[in-house]
Amino acid sequence: MIETKKIILLGAPGSGKGTLAQGLINYGFVQISTGDLFRKKLSEDSEEAKYIQQLINRGELIPDSITNNLASAEIIKNSQDGKNIILDGYPRTVEQAEYLNTICKVDYVIYLNVDKEILFKRITGRLSCKQCGKVYNEYTNPPKETELCDICKVPLSRRRDDNKESFELRMKEYASKTEPLINYYNSQSASGTKFIELNPGKDESIDSILKNVLKQIGM
Ligand code: ADP
Ligand code: ZN
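Start counting at 1 in the sequence shown, then tack on 51, and there's your number in the working numbering.
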C-alpha cells in the first residue's frame, strides 16, 4: 500500500473536528468523516440503514464491526489514490483504534480539548449545508444571509441529533468510550504517532487554530 499521511482528529461532539478538517482540505488532505458517511447511507432503503438511523438519533455509537468496515474501505481507497487523509470522528473506541493499527500507520493525533460548557452551545447552534457540507453556527459563525449557505445559497439544515437529549447521550458515549483514546494515543509515541493537544479558546478563530496545526505538522 502507498504510504500517505494520516491524521486523526479526536475530541468531543462540537469540539470543531469537522471545521478543522474542512480547513485542512485546502492543504491537500481528504476528509473521511464516519458521521457523514453514516448519514449518507441513511437514504438507502435497508434494515441496516434503519438501525443506524435509530442509533444516530439517540446519540449512541454504531457497533465497531460496521464502523470499521465502512472506514477501512474509504481509507484504503484514498491511500491507493495517494491522498493524505484526515480521519474526522474515527476511531472512537479503543477497539476501532486497534483495528486501524492493522491497516495503516497514524502520523498525528490532534486532540481538541474544549470546555464542556462551550460544546452544548456549539451543537445546538449548528447549521450545515446538505449540498457542500459547510458547517456554520448561528451564534459564533453565522452565514451571511440567515440560514442560507454562503456558497450554494440553499437553505441550511440542522442535524436531527443536535438536540439536548441526543447531545447528552453523545457526551456520555464520548466520556466512556472515546476519552480512553487520549491515553491510548498519548502512549503510542514509540510507534511514530505524534500526539498533539490543542486547547482552543472560546474566541480563538478557525484560522488561528488551523495555522497552529499546520505548524505542528510541519506544513
Ligand atoms: P459528533 O462528533 O458531533 O457527535 P458525528 O457526525 O461525528 O458527530 O457522528 C454522528 C453519529 O454517527 C454519532 O453519534 C454515532 O452515532 C455515529 N458515528 C460516527 N462516527 C462513529 C464511530 N467512529 N464509531 C461509532 N459511531 C460513529
Ligand atoms: Zn453549501
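We put the CB at the ideal spot given by N, CA and C, even for glycine. Owing to the predicted nature of the structure, the values given are computational and were not obtained by experimental measurement.
- Shortest gap from the CB of T118 to any heavy atom of the ligand ADP: under 7 Å.
- Non-local C-beta neighbours of A122 in its own chain, meaning closer than 6 Å and more than five positions away in sequence, comprise T85 and Y141, ordered along the chain.
- Ranked by Cα distance from T229, the first of Y102, I154, A63 and T55 is A63.
- With respect to the C-alpha of R209, the residue from V157, N164 and N188 having the closest C-alpha is N188.
- Pairing Y190 with E216, the inter-Cα distance amounts to about 20 Å.
- Fewer than three pairs of CB atoms, one per stretch, sit closer than 8 Å, so the segment 122–141 makes no contact with the segment 99–110.
- Note on geometry: alpha-carbon atoms of T244 and V157 lie some 6 Å from one another.
- Closer than 7 Å to some heavy atom of the ligand ZN: that describes the Cβ of I202.
- The segment 191–201 makes contact with the segment 159–178: 3 or more CB pairs, one atom from each, lie closer than 8 Å.
- By the neighbour-count criterion, in which a residue is buried when 16 or more other Cβ atoms sit within 10 angstroms of its Cβ, D258 is exposed.
- Per DSSP, reduced to three states, the secondary structure at V145 is helical.
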